[in-house]
Amino acid sequence: MENQDLLQERRVSPLLDLVSEIKSLKQKLNAVILAHYYQESEIQDLADFIGDSLQLSQQAEKTDADVIVFAGVHFMAETAKILNPGKQVLLPDLNAGCSLAEGCPAELLQKFRDRYPGHILISYINCSAAVKAISDIICTSSNAVKIVNQIPEDQGIIFAPDRNLGRYVMKMSGRKMVLWEGACIVHETFSEKKILRLRLGNPDALLIAHPECEEPVLEKADFIGSTSGLLNYVTTSEATEFIVATEPGIIHQMELKNPSKKFIPAPPESGCSCNECPYMKLNTLEKLYLCMRDRKPEITMEEEVRIRALKPLKRMLEMSK
Ligand code: 13P
Ligand code: SF4
262 MENQDLLQER RVSPLLDLVS EIKSLKQKLN AVILAHYYQE SEIQDLADFI
312 GDSLQLSQQA EKTDADVIVF AGVHFMAETA KILNPGKQVL LPDLNAGCSL
362 AEGCPAELLQ KFRDRYPGHI LISYINCSAA VKAISDIICT SSNAVKIVNQ
412 IPEDQGIIFA PDRNLGRYVM KMSGRKMVLW EGACIVHETF SEKKILRLRL
462 GNPDALLIAH PECEEPVLEK ADFIGSTSGL LNYVTTSEAT EFIVATEPGI
512 IHQMELKNPS KKFIPAPPES GCSCNECPYM KLNTLEKLYL CMRDRKPEIT
562 MEEEVRIRAL KPLKRMLEMS K
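So my numbering is basically just the index in the sequence shown, starting at one, shifted up by 261.
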């Protein structure tokens with residue numbers, strides 16, 4: 262019965278103009294909507310700020326809004342909460358997780374870490390608050406190489422949870438690191454063979470890839486970067502065609518900024534749409550409206566965990582300047 266009531270309560274009239282409702286709720290709550298590039302286009306179009314993980318955390322750190330509505334995944338909203346304990350942080354769907362975060366529980370990572378005494382732990386921001394709390398420094402795909410390059414050469418490093426980003430950082434920095442064996446379910450689906458075939462059919466197209474892709478794809482890429490790095494590259498490049506090896510949500514901004522250029526999403530191994538992040542796509546315009554109307558689901562965490570997680574996050578923000 263309770264579930265029935267809940268369903269009733271969360272039903273939205275099809276006559277409701279969700280876009281104008283969200284805009285007026287934004288004013289009423291003094292809220293800011295932060296969106297990641299992998300969100301649906303209609304959500305991106307409503308956001309106050311769209312960015313990669315680093316830009317979104319920088320934006321969360323400096324906002325003076327009372328409420329942060331995070332159109333992204335759980336670890337991103339959690340990061341905003343770690344930085345803003347006094348603000349309410351809303352996420353349209355609490356199940357919007359991340360395979361990297363889910364594949365790296367803090368207790369197991371701590372046991373892994375204990376096997377390498379004297380090493381520091383650098384964790385990719387795609388992890389839980391509990392993992393951040395046992396880490397020394399956080400990084401994102403846009404600053405990982407810069408951060409590792411600032412660590413003294415004789416200092417051992419454990420890198421978690423993404424082994425593909427870890428390998429890429431090792432290659433770019435020339436540093437050896439101990440890697441946790443995690444991966445992104447989306448970036449691992451890109452098929453090297455299908456990309457090669459696409460290149461034959463589009464000989465002028467450049468291949469651009471996110472560092473979460475596997476090594477064989479990265480080896481063939483003309484450019485590797487975070488989502489904002491990829492967007493910036495296609496905007497400043499003289500080339501006019503690109504094969505995009507990351508979640509296709511980013512193509513919306515690529516097309517808006519470069520209406521005359523052609524963007525081809527890199528194909529996954531099977532004929533599925535598994536190049537789309539199933540977690541990111543859990544957020545819909547309707548859920549965005551409901552979370553603002555009901556001021557839930559809300560991100561909460563133990564203060565003790567938040568304080569420990571804040572330290573490596575602040576270190577990252579300092580080291581990225
Ligand atoms: P960016 O920081 O490059 O936006 O990456 C986030 C992410 O989840 C990639 O899969
Ligand atoms: Fe996580 Fe991959 Fe989705 Fe990014 S694309 S949120 S790394 S599952």
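The beta-carbon is built from N, C-alpha and C at its ideal position, and this holds for glycine as well. This structure is a prediction, so every number in the text was calculated from the model and none was measured.
Distance cut-off 7 Å: residue i Cβ against heavy atoms of the ligand SF4
i: Leu361; result: yes
i: Tyr429; result: no
i: Asn387; result: yes
i: Cys538; result: yes
i: Val392; result: no
i: Val334; result: yes
i: Met553; result: no
i: Met433; result: no
i: His448; result: yes
i: Met562; result: no
Beta carbon of residue i nearer than 8 Å to that of residue j
i: Ile383; j: Ile408; result: yes
i: Ala338; j: Leu352; result: yes
i: Lys548; j: Asp354; result: yes
i: Ser531; j: Thr501; result: no
i: Tyr298; j: Ile311; result: yes
i: Ala570; j: Ala390; result: yes
i: Ile304; j: Ala341; result: no
i: Pro529; j: Asn536; result: yes
i: Ser402; j: Leu370; result: no
i: Cys538; j: Gly443; result: no
i: Met580; j: Gln319; result: no
Alpha carbon of residue i to alpha carbon of residue j, nearest angstrom
i: Lys572; j: Leu578; result: 10 Å
i: Arg424; j: Asp278; result: 44 Å
i: Met262; j: Ser274; result: Unreliable placement is indicated for Met262, whose pLDDT of 40 sits below 50; the coordinate value is still reported in the next sentence. Whole-angstrom Cα-Cα distance: 21 Å.
i: Ala405; j: Glu363; result: 20 Å
i: Lys348; j: Leu546; result: 22 Å
i: Glu565; j: Gly490; result: 34 Å
i: Ser281; j: Arg436; result: 51 Å
i: Lys481; j: Met431; result: 17 Å
i: Ile418; j: Val392; result: 16 Å
i: Leu551; j: Ile456; result: 39 Å
i: Phe451; j: Leu290; result: 41 Å
i: Leu468; j: Asp325; result: 39 Å
i: Leu315; j: Arg576; result: 13 Å
i: Ile399; j: Leu276; result: 44 Å
i: Arg458; j: Ile525; result: 13 Å
i: Asn544; j: Cys533; result: 20 Å
i: His513; j: Asp397; result: 35 Å
i: Ala367; j: Arg376; result: 15 Å
i: Ile294; j: Val330; result: 5 Å
i: Met553; j: Lys523; result: 36 Å
i: Val328; j: Asp306; result: 19 Å
i: Arg460; j: Phe484; result: 15 Å
i: Ile343; j: Val439; result: 27 Å
i: Lys287; j: Lys557; result: 14 Å
CA nearest to the CA of residue i, picked from the options
i: His335; options: Arg567, Tyr540, Val566 and Lys548; result: Tyr540
i: Trp441; options: Leu551, Ser452 and Ala421; result: Ala421
i: Val447; options: Lys542, Arg460, Met580 and Ile560; result: Lys542
i: Glu508; options: Pro472, Gly462, Glu282 and Ala308; result: Pro472
i: Tyr429; options: Pro346, Val478 and Lys557; result: Val478
i: Pro346; options: Lys582, Met562 and Met580; result: Met562
i: Ala308; options: Ala357, Ser318, Lys284 and Lys323; result: Lys284
i: Ala470; options: Ile511, Ser434 and Thr497; result: Ile511
i: Arg272; options: Ser581, Leu574, Asp555 and Ile568; result: Asp555
i: Ile568; options: Pro378, Ile395 and Ile381; result: Ile395
i: Cys644; options: His380, Lys557, Leu344 and Cys388; result: Nothing about residue 644 can be reported from this structure: the residues present for the chain run from 262 to 582 only.
Distance cut-off 7 Å: residue i Cβ against heavy atoms of the ligand 13P
i: His513; result: no
i: Asp397; result: no
i: Tyr494; result: no
i: His471; result: yes
i: Glu508; result: yes
i: Leu578; result: no
i: Tyr298; result: yes
i: Cys445; result: yes
i: Leu276; result: no
Bridge-paired residues (DSSP) for residue i
i: Leu546; result: The partner list for Leu546 (beta bridge, DSSP) is empty, contrary to what the question assumes.
i: Glu559; result: Leu351
i: Glu502; result: Lys523
i: Cys400; result: Tyr385
i: Ala421; result: Ser384
i: Pro275; result: Beta-bridge pairing links Pro275 to no other residue.
i: Gly312; result: His297
i: Phe451; result: Pro529
i: Asn369; result: Note on identity: in this sequence residue 369 is Leu, with Asn being the wrong assignment. Paired residues: none, contrary to the question.
i: Phe336; result: DSSP output for Phe336 lists no bridge partner at all.
Min CB distance residue i to chain C below 8 Å
i: Leu492; result: The structure shown contains no chain C; it holds only a single protein chain.
Quick one, what's near the ligand GDP if you take every residue whose CB is closer than 5 Å to any heavy atom, in chain order? Among the ligands in the structure shown, the ligand GDP does not appear; only the ligand 13P and the ligand SF4 can be found there.
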